[in-house]
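Asks: In our numbering, the protein residues as written are -7 to 426.
Heads up, the beta-carbon is just placed ideally off N, CA and C, and yes, glycines get one too.
Predicted model, so just to flag it, every value in this text is computed and none were measured.
Take this structure first; my questions come after.
Pasting the structure below:
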């Protein structure tokens, strides 16, 4: 009886959300990003048993976004090349889940495929958005606002560490890595989004958002995010030359904030923090262990032409033996390896092709949005291009979450924009179709 009640309530909530999400992309994005912050901050287990599987908040997110994406696609006259390729990737995922359910059971297949469900659903949903400057600005502020929420959670957990509290919202241990790498990447991307605010003297407080968030990224000690951050900052300043001179002063100010944070976090001394940062920067053991796992998984992975083409079914597991003889069964910690193993060479090629389309659409001149100028928005194409590059670096040791799927979908949506040509000044740009 309780299960039936939960299912009915969940279905009602999903239906109400879906109707709004179909009409309002900003609501859909807020749902995806806000849910990530809520789940990280919450100490509650919100999943329930539903037959052989457990259903949680991310499953509800998948249902809402997938339904909204399908509704939008059915209403559109045609699909872009990027959308057709993304649909093909979705079919490959469903095919691998179906085979896995038959071979290893429904629970094993679905549990292993969950992040893929959310990834393709969120990306397909956002790829259908009609881009306008006001919407891009709202999405940018939603991203920055959510990142500030992660920043507040980070500070709260550091305060808990100092007080010796390691439970509930305060986390589980005394490490400075109080939020996962995926959330730290999210904070980094918000910092890159906020860089243009440095030039806006009217925003006396918000203009320092980027330096403060970058300091948090450094102290959180996720080395992959450090690499993505360094590459992202340098590439952004290369593409946005007007930011370069102002950024130097801002980064210097960020250094001052860094010293203040180290004092607050470590009770007045920065030696411990310096030692931890130095140790994080110099340690290579984790990366070496991961490389061993990738090699072992690929060697024992898809066998035969069919599996090489379309991958092994979900539910097959990630068990492999590394060089020291240890048996490991955790995920590959590499999105590209995982894509090859589960959706095969075809799926990996489609995924990389989609990123190629998104990067190409955002690398050159600002596309035309008709009466709406994307060039002045927070999420203008050139900035999205840089954020997509940080994703590609992050995927080497990690997998995407819903937030990265949103960004990926936004890049794919920009492939539908018409680019300005060397036309006469009197020519008016065309507005994209919905």
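(1) Beta-carbon separation of residue 213 and residue 168 under 7 Å?
(2) Distance, Cα to Cα, residue 130 vs residue 22?
(3) Over the uninterrupted alpha helix (DSSP H) stretch that includes residue 46, give me the two end residues.
(4) On the DSSP bridge list, what partners appear for residue 320?
(5) Measure the alpha-carbon distance for residue 154 versus residue 143 and round it to whole angstroms.
(6) Out of 292, 36, 77 and 114, state which residue places its alpha-carbon closest to the alpha-carbon of residue 52.
(7) What residue does the alpha helix (DSSP H) around residue 207 start on, and which one ends it?
(8) Answer yes or no: do residue 19 and residue 60 have a C-beta to C-beta separation smaller than 7 Å?
(9) Buried or exposed for residue 222, going by 16 or more other Cβ atoms inside 10 Å?
(10) Might you give, ordered along the chain, the residues of its own chain that have their beta carbon closer than 7 Å to the beta carbon of residue 286, omitting 5 neighbours on each side?
(11) Can you pull the DSSP bridge partners for residue 40?
(12) Which residue marks the beginning of the alpha helix (DSSP H) containing residue 18, and which one marks its end?
(13) Looking only at C-alpha atoms, which of 320, 322, 374 and 290 sits nearest to residue 336?
(14) When you compare the CB positions of residue 49 and residue 27, do they come within less than 7 Å of one another, or not?
(15) If you compare alpha carbons, which of 346, 97, 173 and 394 is closest to residue 407?
(16) Give me the Cα-Cα distance between residue 207 and residue 180, rounded to the nearest whole angstrom.
(17) Restricting to Cα atoms, I'd like to know which of 370, 376 and 118 is closest to residue 63.
(18) Write down the C-beta distance between residue 190 and residue 235 rounded to the nearest angstrom, noting that I regard them as a contact closer than 8 Å.
(19) Quick one, which of 71, 36 and 175 has its alpha-carbon nearest residue 392's?
(20) Count the other C-beta atoms from every protein chain shown that fall within 10 angstroms of the C-beta of residue 278, then say buried if there are 16 or more, exposed otherwise.
(21) Can you name, in chain order, every residue of its own chain whose Cβ lies under 7 Å from the Cβ of residue 80, other than the five neighbours on each side?
(22) Measuring only the C-alpha atoms, how far is residue 309 from residue 95?
(23) Give me the Cα-Cα distance between residue 352 and residue 216, rounded to the nearest whole angstrom.
(24) Using 8 Å for Cβ pairs, my map puts residue 77 next to residue 132. What's the rounded Cβ distance?
(25) Would the region 294 to 314 and the region 82 to 99 be scored as touching if the rule is three or more Cβ pairs under 8 Å?
(26) For the region 368 to 416, which segments carrying the alpha helix (DSSP H) assignment without a break, of at least 4 residues, lie completely within its bounds, in sequence order?
(27) Quick check: residue 85 and residue 108, are their CB atoms within less than 7 Å of each other?
(28) For the alpha helix (DSSP H) holding residue 192, just list the boundary residues, first then last.
(29) Look at residue 55 and residue 6 and say whether their C-beta atoms are less than 7 Å apart.
(30) When the Cα of residue 37 is compared with those of 318, 195, 161 and 401, which residue comes out closest?
(31) Would residue 298 pass as a contact of residue 338 if the rule is Cβ separation under 7 Å?
Replies: Result, derived from the coordinates:
(1) Residue mapping note: residue 213 aligns to position 221 of the chain shown, counting from 1. Residue mapping note: residue 168 aligns to position 176 of the chain shown, counting from 1. Cβ atoms of residue 213 and residue 168: closer than 7 Å.
(2) As a working note, residue 130 is residue 138 in the chain shown. As a working note, residue 22 is residue 30 in the chain shown. So the two alpha carbons sit approximately 10 Å from each other.
(3) As a working note, residue 46 is residue 54 in the chain shown. It is not in any alpha helix (DSSP H) - residue 46 instead sits in the beta strand (DSSP E) that spans 45 to 47.
(4) Locating residue 320 in the chain shown gives position 328, counting from the first residue. According to DSSP, residue 320 bridges with 312.
(5) Reading the chain shown from its first residue, position 162 is the one you call residue 154. Reading the chain shown from its first residue, position 151 is the one you call residue 143. So the two alpha carbons sit approximately 17 Å from each other.
(6) Counted from its first residue, the chain shown places residue 52 at position 60. The candidate whose alpha carbon is nearest that of residue 52 is 114.
(7) To locate residue 207, count along the chain shown from 1; it is residue 215. Per DSSP, residue 207 is one residue of the alpha helix (DSSP H) stretching across 201 to 212.
(8) For the purposes of this step, residue 19 is taken as the residue at position 27 of the chain shown. For the purposes of this step, residue 60 is taken as the residue at position 68 of the chain shown. No, the Cβ-Cβ distance between residue 19 and residue 60 is not below 7 Å.
(9) Counted from its first residue, the chain shown places residue 222 at position 230. Its Cβ having fewer than 16 others within 10 Å, residue 222 is exposed.
(10) Along the chain shown, read from residue 1 onward, the residue named residue 286 stands at position 294. Closer than 7 Å at the Cβ level, and outside the excluded window around residue 286, lie 324, 326 and 329.
(11) Against the chain shown, residue 40 aligns to sequence position 48. According to DSSP, residue pairing for residue 40 in a beta bridge involves 47.
(12) In the chain shown, residue 18 corresponds to position 26, counting from 1. DSSP places residue 18 in the uninterrupted alpha helix (DSSP H) bounded by 17 to 33.
(13) Mapped onto the chain shown, residue 336 falls at position 344. Among 320, 322, 374 and 290, the Cα nearest to that of residue 336 belongs to 290.
(14) Counting from 1 along the chain shown, the entry for residue 49 is found at position 57. Counting from 1 along the chain shown, the entry for residue 27 is found at position 35. When the beta-carbon positions are compared, residue 49 and residue 27 come within less than 7 Å of each other.
(15) Counting from 1 along the chain shown, the entry for residue 407 is found at position 415. Comparing Cα-Cα distances from residue 407 to each of 346, 97, 173 and 394, the minimum goes to 346.
(16) The residue labelled residue 207 in the question sits at position 215 within the chain shown. The residue labelled residue 180 in the question sits at position 188 within the chain shown. Taking the straight line joining both Cα atoms gives about 10 Å.
(17) Locating residue 63 in the chain shown gives position 71, where the first residue counts as 1. Its Cα nearest to that of residue 63, the residue 118 stands out among 370, 376 and 118.
(18) Sequence index remark: in the chain shown, residue 190 carries index 198 (1-based). Sequence index remark: in the chain shown, residue 235 carries index 243 (1-based). About 7 Å; that satisfies the 8 Å criterion.
(19) Within the chain shown, the letter at position 400 stands for residue 392. Selected option, being the one with the closest Cα: 175.
(20) Here residue 278 refers to the residue found at position 286 of the chain shown. Under this definition residue 278 is an exposed residue.
(21) Numbered from its first residue, the chain shown carries residue 80 at position 88. Result list for residue 80: 342, in chain order.
(22) Translated into the one-based positions of the chain shown, residue 309 becomes position 317. Translated into the one-based positions of the chain shown, residue 95 becomes position 103. If you draw a straight line from the Cα of residue 309 to the Cα of residue 95, it is about 12 Å long.
(23) The count along the chain shown starts at 1 and reaches residue 352 at position 360. The count along the chain shown starts at 1 and reaches residue 216 at position 224. When only Cα atoms are considered, residue 352 and residue 216 end up about 24 Å apart.
(24) As a first step, residue 77 must be located in the chain shown, where it is residue number 85. As a first step, residue 132 must be located in the chain shown, where it is residue number 140. Contact flag wrong, Cβ pair sits at about 26 Å.
(25) In this structure the region 294 to 314 touches the region 82 to 99; the number of beta carbon pairs closer than 8 Å is three or more.
(26) Qualifying alpha helix (DSSP H) stretches, in chain order: 373 to 386 and 394 to 405.
(27) In the chain shown, counting from the first residue as 1, residue 85 sits at position 93. In the chain shown, counting from the first residue as 1, residue 108 sits at position 116. Taking 7 Å as the Cβ cut-off, residue 85 and residue 108 qualify as a contacting pair.
(28) Within the chain shown, numbered from 1, the residue matching residue 192 stands at position 200. Segment: none, residue 192 is in no alpha helix (DSSP H) and carries neither H nor E.
(29) Walking along the chain shown from the start, residue 55 turns up at place 63. Walking along the chain shown from the start, residue 6 turns up at place 14. In contact: residue 55 and residue 6 (Cβ atoms closer than 7 Å).
(30) Against the chain shown, residue 37 aligns to sequence position 45. The candidate whose alpha carbon is nearest that of residue 37 is 161.
(31) Within the chain shown, numbered from 1, the residue matching residue 298 stands at position 306. Within the chain shown, numbered from 1, the residue matching residue 338 stands at position 346. Not closer than 7 Å, so no.
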